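Asker: Protein sequence lines correspond, in order, to chains L and X. Residues 3 to 233 (the numbering used here) make up the first sequence, in order. Residues 43 to 535 (the numbering used here) make up the second sequence, in order. Yeah, the Cβ is synthetic: ideal placement off N, Cα and C, and Gly gets one too. Model, not experiment: these values are computed from the prediction. Okay, here's the structure, questions in a sec.
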Amino acid sequence: MIQFNQLKKIYSGNTVLDIDNLQIAQGESFGLVGNNGAGKTTLFRLLLDLIRANNGNATIKNLDVARNEDWKRFTGSFLDAGLLIDFLSPEEFFAFTGKVKGLTKDEVDAFLAEMTDFFNHEVIGKNKLIRNLSMGNQQKTGIAAAMMGKPEIVILDEPFNSLDPSSQIRLKQLIKSKKANEKITFLISSHDLNHITEVCDRIVILENGKIVHDIQTSTDTLASLENYFAV
Amino acid sequence: MKLLFELIAHQWKQARRSSIWQKNLAVNLIMGFFFFILFVELVVLAFFLGHEWHEIVDNPIHSLHKFVAWYIAALLAVRFFFQKLPALSVRPYQHLPIRKSSLIHFLLMKGWLNFYALLSFIIFLPFAVFQVEYYHGSSVATLWLAGILALDAAGNYAVFYAKKMLSTNLTTVSLIVLAIALLAAGDYLGWYSYSGLIATMLDYAIARPVWLWLLLLIPVIFYHLNFRFLKSSLYLEGLNADKSDNHVHSGRIGYLQKLGLIGELMSLDIRMYLRNKRTKSILWMTPLFLGYGLFFYPNSDYTSDSGFMIFIGMFVTSVMMINYLQYAFSFEGGFFDLLSTSGLSMEDYLKAKLGLAYALGIASFVITVPYVYFGMNILIIHTACILFSLGVIAPVILYTATYNKKTMVLTQGSAFNYQGIGATHFFIMIPVFILPLMIYLPFKWLGYHETGWLVLAGLGFAALPFRKFFIHLCLQNLRNRKYIMAEGFRERN
Numbered sequence: 003m004i005q006f007n008q009l010k011k012i013y014s015g016n017t018v019l020d021i022d023n024l025q026i027a028q029g030e031s032f033g034l035v036g037n038n039g040a041g042k043t044t045l046f047r048l049l050l051d052l053i054r055a056n057n058g059n060a061t062i063k064n065l066d067v068a069r070n071e072d073w074k075r076f077t078g079s080f081l082d083a084g085l086l087i088d089f090l091s092p093e094e095f096f097a098f099t100g101k102v103k104g105l106t107k108d109e110v111d112a113f114l115a116e117m118t119d120f121f122n123h124e125v126i127g128k129n130k131l132i133r134n135l136s137m138g139n140q141q142k143t144g145i146a147a148a149m150m151g152k153p154e155i156v157i158l159d160e161p162f163n164s165l166d167p168s169s170q171i172r173l174k175q176l177i178k179s180k181k182a183n184e185k186i187t188f189l190i191s192s193h194d195l196n197h198i199t200e201v202c203d204r205i206v207i208l209e210n211g212k213i214v215h216d217i218q219t220s221t222d223t224l225a226s227l228e229n230y231f232a233v
Numbered sequence: 043m044k045l046l047f048e049l050i051a052h053q054w055k056q057a058r059r060s061s062i063w064q065k066n067l068a069v070n071l072i073m074g075f076f077f078f079i080l081f082v083e084l085v086v087l088a089f090f091l092g093h094e095w096h097e098i099v100d101n102p103i104h105s106l107h108k109f110v111a112w113y114i115a116a117l118l119a120v121r122f123f124f125q126k127l128p129a130l131s132v133r134p135y136q137h138l139p140i141r142k143s144s145l146i147h148f149l150l151m152k153g154w155l156n157f158y159a160l161l162s163f164i165i166f167l168p169f170a171v172f173q174v175e176y177y178h179g180s181s182v183a184t185l186w187l188a189g190i191l192a193l194d195a196a197g198n199y200a201v202f203y204a205k206k207m208l209s210t211n212l213t214t215v216s217l218i219v220l221a222i223a224l225l226a227a228g229d230y231l232g233w234y235s236y237s238g239l240i241a242t243m244l245d246y247a248i249a250r251p252v253w254l255w256l257l258l259l260i261p262v263i264f265y266h267l268n269f270r271f272l273k274s275s276l277y278l279e280g281l282n283a284d285k286s287d288n289h290v291h292s293g294r295i296g297y298l299q300k301l302g303l304i305g306e307l308m309s310l311d312i313r314m315y316l317r318n319k320r321t322k323s324i325l326w327m328t329p330l331f332l333g334y335g336l337f338f339y340p341n342s343d344y345t346s347d348s349g350f351m352i353f354i355g356m357f358v359t360s361v362m363m364i365n366y367l368q369y370a371f372s373f374e375g376g377f378f379d380l381l382s383t384s385g386l387s388m389e390d391y392l393k394a395k396l397g398l399a400y401a402l403g404i405a406s407f408v409i410t411v412p413y414v415y416f417g418m419n420i421l422i423i424h425t426a427c428i429l430f431s432l433g434v435i436a437p438v439i440l441y442t443a444t445y446n447k448k449t450m451v452l453t454q455g456s457a458f459n460y461q462g463i464g465a466t467h468f469f470i471m472i473p474v475f476i477l478p479l480m481i482y483l484p485f486k487w488l489g490y491h492e493t494g495w496l497v498l499a500g501l502g503f504a505a506l507p508f509r510k511f512f513i514h515l516c517l518q519n520l521r522n523r524k525y526i527m528a529e530g531f532r533e534r535n
């Protein structure tokens with residue numbers, strides 16, 4: 003489904019990402035962990051064609067993301083506030099995203115109904131603009147928008163950040179059910195080792211731009227991750 | 043007191059260390075030069091007026107006081123619409139063990155010591171030195187100047203107080219505008235004389251200087267009112283919560299809904315303009331842009347120079363459109379990542395931009411048709427200019443707009459705000475005004491200025507059908523530059 007080949011990103015002489023070969027299968031949920039500056043966001047940005055690679059490429063369904071734009075039709079993502087339009091209300095933002103993804107108004111409404119639990123009545127119908135929502139609710143808006151329009155791939159950068167504990171649990175349930183029912187391939191980065199081991203089948207540890215561990219999740223994954231990051 | 047100076051020192055550091063000063067030398071030089079010229083012109087004008095005042099008017103002191111009356115009224119209006127208590131600036135200090143009254147004093151001082159206070163000083167100093175001193179002696183002149191500045195300061199604090207008491211929604215603002223208009227109209231129609239009344243009072247005071255001392259008391263009263271209010275309202279942060287922020291214009295235009303995704307993108311831009319401070323202040327400027335012709339068209343010195351007329355024609359009919367197009371991407375820098383990953387067709391995106399730009403251009407043209415009152419030539423020139431703008435200038439600006447790769451922070455007003463403006467903005471403006479002149483002037487010099495207008499209009503008209511081709515060129519350019527743009531936009535302070 004997704005493949006990275008000899009991918010390299012250099013910022014003013016520093017190699018911030020250097021991935022020889024990495025493949026992610028369809029329906030896999032892929033977790034990315036690593037300390038700050040390890041290259042997680044850079045990896046996602048390269049995959050989303052937001053930055054240009056110095057070498058190599060990323061492909062989705064064997065098509066280079068920088069040369070062919072078809073992947074955008076079935077890939078949803080939320081990295082940071084740059085993927086929100088802050089002067090719209092959440093309703094208007096979902097309507098806009100729905101239109102771009104080719105959904106009808108009814109489909110957008112059905113989608114929002116599906117998200118009711120996740121939003122916990124804090125996002126829709128509040129008569130607020132996105133810029134006036136709390137960080138957590140902005141995060142929820144972005145995550146939900148990434149899942150609109152039956153995507154095949156969803157990319158989330160540190161989605162558990164700023165969410166309250168109940169919302170974190172709801173997000174985990176949402177990811178698991180989307181994965182089971184719609185066979186979505188998830189790419190998730192997180193600093194929270196508990197959450198990531200719970201929702202991901204496979205976890206890759208990045209350090210200074212390089213893959214240092216690539217593990218299939220099992221019962222002792224959490225312990226070994228904690229051991230790895232121990233100081 | 044020592045603390046107050048410390049806080050003021052922080053403000054100075056903040057201004058000095060803002061990224062504007064550190065990057066972008068070229069822009070600083072250009073803007074610095076403009077501001078310097080403006081400042082010098084202001085000083086020279088004030089000096090000239092103060093020095094020659096008795097030559098210009100019959101009854102110098104009385105006329106001066108009439109001028110003071112209008113100046114104070116005008117500044118009061120400007121302050122009401124553009125100034126607010128800089129309550130945010132104390133936020134970093136609120137949790138520290140600093141007495142609340144110190145913070146309030148700091149806030150109120152900062153709210154007064156700004157550009158307007160300096161303006162009043164520059165304008166009235168020469169009057170005090172050359173006029174009041176001549177008639178009433180130097181001690182009265184000093185007291186008079188202090189009194190006028192006190193009146194202005196009183197206006198400043200009165201505005202803060204009034205704004206706290208009134209909620210600034212559309213209804214209040216409309217009522218205030220209406221009230222000011224009625225007052226001015228009454229004065230103009232001679233029902234009463236506002237300026238005469240104020241001038242008589244000031245004349246009385248200047249003859250009996252004890253009364254001038256009373257002027258100094260007025261700002262103290264308003265300062266105290268503000269202080270008491272702020273002190274009792276306990277939480278400063280509640281002051282800047284803009285309650286009206288969420289009740290916004292829907293920006294939905296029925297017709298656009300029929301245009302599918304392109305219409306949706308246009309609605310998005312309309313909402314952006316209506317809901318952000320910076321874009322809104324551009325909209326407030328519209329009457330000034332469209333009314334620019336009024337400075338020149340009534341005067342035959344200008345209308346006889348047809349080259350200059352082309353310049354004004356381009357400005358009046360196209361400046362709104364150009365303003366929109368040149369910031370087309372940088373206003374949206376905050377969500378450029380979204381636009382480039384969402385699967386949105388970039389061609390539709392550009393079509394929406396150009397479509398809205400056309401709408402702005404055509405609207406400007408239609409609104410300014412009444413200039414025909416000053417001569418048929420003006421309408422002809424406007425027609426030629428708008429055709430040239432729509433056909434040629436609009437695609438050129440859309441193409442060059444990709445070179446603006448800084449996010450414009452939309453939540454700050456645009457007056458004296460050049461965050462996000464790079465040297466490229468100035469270069470973009472060059473072709474807009476030079477290009478039509480380069481085409482027109484040769485014809486004018488050969489004595490065929492009507493042919494020149496026709497050629498200008500014809501070129502624009504002929505270029506219109508090539509819109510698709512231009513959009514394709516812009517699309518190529520956007521594709522080539524998107525990484526550079528995205529990276530630039532992500533660098534937000």
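So, helix, strand or coil for S384 (chain X), using DSSP?
Answerer: Assignment of S384 (chain X) by DSSP, reduced to helix, strand and coil, places it in the coil class.
Asker: Could you tell me which of X:L402, X:K108, X:A119, X:W154 sits nearest to P128 (chain X), measuring between CA atoms?
Answerer: X:W154
Asker: Taking the alpha-carbon positions, what's the D284 (chain X) to N134 (chain L) distance?
Answerer: A caution first: D284 (chain X) carries a pLDDT of 49, below 50, which makes its placement in the model unreliable, though a value can still be read off. Taking the Cα positions, D284 (chain X) is about 10 Å away from N134 (chain L).
Asker: Can you tell me whether G502 (chain X) is helix, strand or coil according to DSSP?
Answerer: helix
Asker: Any beta carbon from chain X within less than 8 Å of T99 (chain L)'s own beta carbon?
Answerer: yes
Asker: Closest Cβ-Cβ distance between V18 (chain L) and chain X: below 8 Å?
Answerer: no
Asker: Closest Cβ-Cβ distance between L298 (chain X) and chain L: below 8 Å?
Answerer: no
Asker: Under 8 Å, CB to CB, which of the residues in the stretch 317-350 of chain X have a partner in chain L?
Answerer: R317, N318
Asker: Please list the residues of the stretch 374-387 of chain X that have a C-beta atom closer than 8 Å to any C-beta atom in chain L, keeping them in chain order.
Answerer: G376, F377, F378, D379, L380, S382, T383, S384, G385, L386
Asker: Identify which residue in X:G349, X:L257, X:N419, X:F511 has its Cα closest to the Cα of I481 (chain X).
Answerer: X:G349
Asker: Going along chain X in order, which residues have a C-beta closer than 7 Å to the C-beta of D88 (chain L)?
Answerer: G376
Asker: With a threshold of 8 Å on Cβ separation, who are the neighbours of V22 (chain X) within its own chain once the five nearest residues in sequence on each side are excluded?
Answerer: In the structure as shown, chain X starts at 43 and stops at 535, and residue 22 (chain X) therefore has no counterpart that could be examined.
Asker: Pick helix, strand or coil for A370 (chain X), following the three-state DSSP scheme.
Answerer: coil
Asker: If you follow the alpha helix (DSSP H) that Q141 (chain L) is part of, which residue opens it and which one closes it?
Answerer: 137-148
Asker: Could you check if D72 (chain L) is buried or exposed, using at least 16 other CB atoms within 10 Å of its CB as the buried criterion?
Answerer: exposed
Asker: Within 8 Å (strictly less), CB to CB, does Y525 (chain X) reach chain L?
Answerer: yes
Asker: Residues of the stretch 28-58 of chain L with a CB closer than 7 Å to any CB of chain X: list them in chain order, please.
Answerer: L50, L52, I53, R54
Asker: By Cβ distance below 7 Å, which residues in the same chain neighbour I198 (chain L) in space, the five residues on each side in sequence not counted?
Answerer: Around I198 (chain L): G33, V35, I190, S192, I205.
Asker: Skipping 5 residues on each side, what residues in its chain have a beta carbon closer than 6 Å to that of C427 (chain X)?
Answerer: G355, M356, T359
Asker: Can you check DSSP and say which residues form a bridge with I207 (chain L)?
Answerer: L:V35, L:H215
Asker: Can you list, in chain order, the stretches of the alpha helix (DSSP H) that have 4 or more residues and sit fully within the stretch 395-473 of chain X?
Answerer: 418-430, 436-442
Asker: Helix, strand or coil: how does DSSP classify A68 (chain L) here?
Answerer: coil
Asker: Put Y13 (chain L) into one of helix, strand or coil per three-state DSSP.
Answerer: strand
Asker: With a threshold of 8 Å, are at least 3 pairs of Cβ atoms found where one atom belongs to the stretch 142-154 of chain X and the other to the stretch 226-236 of chain X?
Answerer: They do not touch, by the three-pair rule.
Asker: I need the straight-line Cα distance from W54 (chain X) to F47 (chain X), nearest angstrom please.
Answerer: 10 Å
Asker: List the residues of chain X whose Cβ lies closer than 8 Å to the Cβ of V214 (chain L), in chain order.
Answerer: Ordered by position in chain X, no residue passes the 8 Å Cβ test against V214 (chain L), which lies about 27 Å from the chain.
Asker: Helix or strand or just coil, what does DSSP make of S168 (chain L)?
Answerer: helix
Asker: So for I53 (chain L), helix, strand or coil by DSSP?
Answerer: I53 (chain L) carries a coil assignment under DSSP once its states are collapsed to helix, strand and coil.
Asker: Run through the DSSP bridge pairs and tell me what S2 (chain L) is partnered with.
Answerer: For chain L, the structure presents residues 3 to 233; residue 2 (chain L) sits outside this window and is missing.
Asker: How would you call V201 (chain X), buried or exposed, if buried means at least 16 neighbouring beta carbons within 10 angstroms?
Answerer: buried
Asker: Going along chain X, which residues have a C-beta under 9 Å from L85 (chain L)?
Answerer: F377, D379, L380, T383, S384
Asker: Leaving out the 5 sequence neighbours to the left and right, which residues in its chain are closer than 7 Å to P92 (chain L) when beta-carbon positions are compared?
Answerer: V125, I126, I132, T143
Asker: For S348 (chain X), which of helix, strand or coil comes out of DSSP?
Answerer: helix
Asker: With a threshold of 16 other CB atoms inside 10 Å of the CB of L310 (chain X), please say whether the residue is buried or exposed.
Answerer: buried
Asker: For K285 (chain X), name the three-state secondary structure that DSSP assigns.
Answerer: In this prediction, K285 (chain X) has a pLDDT of 47, which is less than 50 and means its spatial position is unreliable; what the coordinates show is noted afterwards. Three-state result, K285 (chain X): helix.
Asker: With the cut-off set at 8 Å, would you say L536 (chain X) and Y400 (chain X) are in Cβ contact?
Answerer: Nothing about residue 536 (chain X) can be read from this structure; chain X reaches only from 43 to 535.
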